[in-house]
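Chemist: Take this structure, written in structure tokens, and hold onto it; I'll ask about it next.
Residue numbers (mature numbering (1 follows the signal peptide of the UniProt record, and there is no 0)): -20 to -1, 1 to 558.
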């Protein structure tokens, strides 16, 4: 029986009458999706690699050595698209029937904390796991370490308490590999382990012969052990997250999973089939589907088509998944549109969204379902507080959101929990701390809203407002010393620095500078304090902090940064003192 809550929005008629069935919620979270990867944004006006190229704000890297999100570019590939046109009719349909968010910000610009904040409505620096490792009064390194603990409330638990059936299909990426039932090789020190070391994302092995990277994945014994490990991870996520259903799980990025090398791939058809099955099985009651896909995780590439459709983290499939058009049809449509094969991945992802929309149409659920299509962050500016925090977002809610509208105010992932709970006629747990706000009442209205938003990543913090952004880097002394030694070494060498504000060192042999080549994308990357006029410099190329005309504005932004950091557990340099 539904647990009834009469929220303020119900009383004001924002949602509807208390007797109406609460809306279903389908939240599609796309991995590292950029503004140049969907058709609903002006490429030259929204920050992306292609937009930077088109406006003369891109430093081109060698395609042989350039590294994009865990993958080296192949000869002939670039970080931008030579033809920026993408075939995404379902994203276009969703925008025509809903609202496009022009200023959708993630409070952190890497996967794990972005997902933590999405599901909890809190800044990632509030993670109980992070606080246990970085006590209040110190400055935490915010990266892939804001893990979800079982005692923390989240959107799934709150909606379940309100009578919803909840399901996770796809990528989790919110916990480490300290799993007693799985004996990982002691030599693996990736950034998901409790000791916090970071040796990079490499092929790692389990103790035993079956899980060497070259293991024969056709061996039944290998498949049996893969299935066992998958079951352990699936049960762990279900216990920690509180989702009723955890299906088609990617515990983390596929490159990190304990499976043979040739099984590591996106399998969007498999994920989409699981999402469609969840909708079918739960169409008679309110449901929340968190559909978290693994693609694209960086720039689009054409080699996704070459992967074996049978490979999944749960083992090898014997039958092709149902629900999406065949991969061959993607190639045909791309060729008919006269587009490069590289752009085909956009259509593949769009087909997945289209399958969800079709299922909602066929089951008669479209009119009472909120559909959200969101990116967890961009790839350009990843692991920085630049505009990698800003990413695509489209939301449809028939009868409540004006079709074909655009929203230019700052909306964030921390706003999703309070907004969706209010739409469901519910509210957060009584003891929960929530940093976000309900944005549904402001859409299409001239209503009061936030003036600025705090961004937190690495040892960096920023505050972004309508047209301006202030960035501050305040790493601990040992990181500053490491960066200075690297600067001196670069001056004596080829001039390229390899230690960024996170303190991580990239291997010079990789061809990268700092992590994700951010020093190439942002000319003032190494300035400890930066001020950008986003209204005229959306690609963040000109640090105007020294301009005396900006003195008053700078002080206002610093005060806002200090004020917002005071609400959080940690201090940050001269900011946030309690």
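Beta carbons: idealized from backbone N, C-alpha and C, even for Gly.
Helix, strand or coil for residue 375 per DSSP?
Modeler: strand
Chemist: Let me know the secondary structure DSSP gives residue 73 once reduced to three states.
Modeler: helix
Chemist: To which residues does DSSP link residue 271 through a beta bridge?
Modeler: 8 and 149
Chemist: Could you work out which residue in 407, 356, 285 and 518 is closest to residue 270 when comparing CA atoms only?
Modeler: Checked all of 407, 356, 285 and 518; the closest Cα to residue 270 is 356.
Chemist: Give the range of the beta strand (DSSP E) segment to which residue 229 is assigned.
Modeler: 225 to 230
Chemist: Measuring alpha carbon to alpha carbon, tell me which of 454, -1, 66 and 40 ends up nearest residue 14.
Modeler: 66
Chemist: So, under 8 Å CB-CB, residue 116 and residue 550 are touching, yes? Tell me the CB distance rounded to an integer number of Å.
Modeler: 6 Å
Chemist: Leaving aside the five residues before and after residue 431 along the sequence, list all residues of the same chain whose C-beta is less than 7 Å from its C-beta, in chain order.
Modeler: If the five residues before and after residue 431 are omitted, its C-beta is found closer than 7 Å to the C-beta atoms of 445, all from its own chain and listed in chain order.
Chemist: Cβ atoms of residue 482 and residue 365: under 9 Å apart, would you say?
Modeler: no
Chemist: Per DSSP, what kind of secondary structure is residue 517 in: helix, strand or coil?
Modeler: The answer is coil: DSSP assigns residue 517 none of H, G, I, E or B.
Chemist: Enumerate in chain order the residues of its own chain whose CB-to-CB distance from residue 21 is below 6 Å, with the five nearest sequence positions on each side excluded.
Modeler: 15
Chemist: Return helix, strand or coil for residue 386, following the three-state DSSP convention.
Modeler: strand
Chemist: DSSP puts residue 510 in a beta bridge; with which residues?
Modeler: 451
Chemist: Indicate the three-state DSSP secondary structure (helix, strand or coil) for residue 107 in the structure shown.
Modeler: coil
Chemist: Apply the 10 Å Cβ neighbour rule to residue 274 and answer buried if 16 or more other Cβ atoms are within range, or exposed otherwise.
Modeler: buried
Chemist: State the start and end residues of the unbroken alpha helix (DSSP H) segment that holds residue 253.
Modeler: Segment 248 to 261, the alpha helix (DSSP H) holding residue 253.
Chemist: With DSSP run on the structure shown, which of helix, strand or coil describes residue 554?
Modeler: coil
Chemist: Report buried or exposed for residue 259, applying the criterion of at least 16 other Cβ atoms within 10 angstroms of its Cβ.
Modeler: buried
Chemist: Between which two residues does the beta strand (DSSP E) carrying residue 442 extend?
Modeler: From DSSP, the beta strand (DSSP E) with residue 442 extends over 440 to 445.
Chemist: If you follow the beta strand (DSSP E) that residue 80 is in, where does it begin and where does it stop?
Modeler: 79 to 81
Chemist: Reducing DSSP to helix, strand and coil, say where residue 365 ends up.
Modeler: coil
Chemist: Between the segment 521 to 528 and the segment 499 to 512, are three or more C-beta pairs nearer than 8 Å?
Modeler: yes
Chemist: Between 370, 153 and 196, which lies nearest to residue 218 when the distance is taken from Cα to Cα?
Modeler: 153
Chemist: Should residue 310 and residue 247 be called a contact, given that it needs their Cβ atoms to be closer than 9 Å?
Modeler: no
Chemist: Count the other CB atoms within 10 Å of the CB of residue 261; is the residue buried (16 or more) or exposed (fewer)?
Modeler: Its Cβ having fewer than 16 others within 10 Å, residue 261 is exposed.
Chemist: So, with DSSP's three-state summary, where would you put residue 394?
Modeler: helix
Chemist: Measuring only from the beta carbon, is residue 521 closer than 8 Å to any heavy atom that is part of the ligand NAD?
Modeler: Among the components modelled here there is no ligand, and therefore nothing to report on the ligand NAD.
Chemist: May I ask which residues mark the beginning and end of the alpha helix (DSSP H) holding residue 351?
Modeler: Here residue 351 belongs to no alpha helix (DSSP H); instead the beta strand (DSSP E) covers 349 to 355.
Chemist: Exposed or buried, residue 455, counting other C-beta atoms within 10 Å across all chains shown (16 or more means buried)?
Modeler: buried
Chemist: Just to confirm the assignment, what range does the alpha helix (DSSP H) spanning residue 437 have?
Modeler: No alpha helix (DSSP H) contains residue 437, which is instead part of the beta strand (DSSP E) from 432 to 437.
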